[in-house]
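Residue numbers (the working numbering): 49 to 260. Worksheet: the structure to be examined is printed underneath.
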């Protein structure tokens, strides 16, 4: 057992590199792969399989009336049309995550952000995936010059502007379940209550981009 940090100000995640003995793609998927790695930890070797993910971005678009833009679309793994924030994969090599976030906002909501700031970032499932997601706060919004064509699950996206406090209430009441939306609106509400002093520049990330 390791002693606790003691000082709350020093509470933070820590990088902990280990020796990777072997790494192989166990399954090649259409969107992401399953990777199997053997690494040394403690006195022995450990084998783990995990989703090798490109990483993703999401956008919490907030208008002048403190309404957040939510979209609803079908998600097959859960068999539901859930409410979400506009989001997408970091699947263009070398693309800046903030640029990707702006692109997703345009493609999914037909909006252009005049400003983008980093709201929060997180690992979705550290025990089973290396997926990291950055959520950006988008403000000073204007409409795109044209409406984007959408296909597959995005073809029938619904768009709704919801007061931020109403979105927070829906999360706390258990009516919304998408993790990115939940973390985004709760973090936005907390940041607003602190005068937005917790926002970071769009490029001021502290986590990895996802899979190698």
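We put the beta carbon where it would ideally sit given N, CA and C, even for glycine. All figures in this text were calculated on a predicted structure; none of them were measured in a lab.
Two segments are said to touch when three or more pairs of C-beta atoms, one from each, lie closer than 8 Å; by this definition the segment 109-123 does not touch the segment 64-75. Contact annotation, residue 228 with residue 132: C-beta distance approximately 7 Å; criterion of less than 8 Å satisfied.
Following the DSSP letters along the chain, one finds residue 150 inside the alpha helix (DSSP H) bounded by residues 145-157. Excluding its 5 nearest sequence neighbours in each direction, residue 236 has C-beta neighbours in its own chain below 8 Å: 108, 110, 116, 167, 185, 212, listed in chain order. The residues 110, 163, in chain order, have a CB closer than 6 Å to that of residue 187 in the same chain once the five nearest residues on each side in sequence are set aside. Residue 212 carries a helical assignment under DSSP once its states are collapsed to helix, strand and coil. With contacts defined by Cβ atoms closer than 7 Å, residue 86 and residue 93 form a contacting pair.
Distance from the CA of residue 73 to the CA of residue 175, rounded to the nearest whole angstrom, comes to 17 Å.
Per DSSP, residue 241 is one residue of the alpha helix (DSSP H) stretching across 227-241. For residue 244, there is no enclosing beta strand (DSSP E), as DSSP marks it with neither H nor E.
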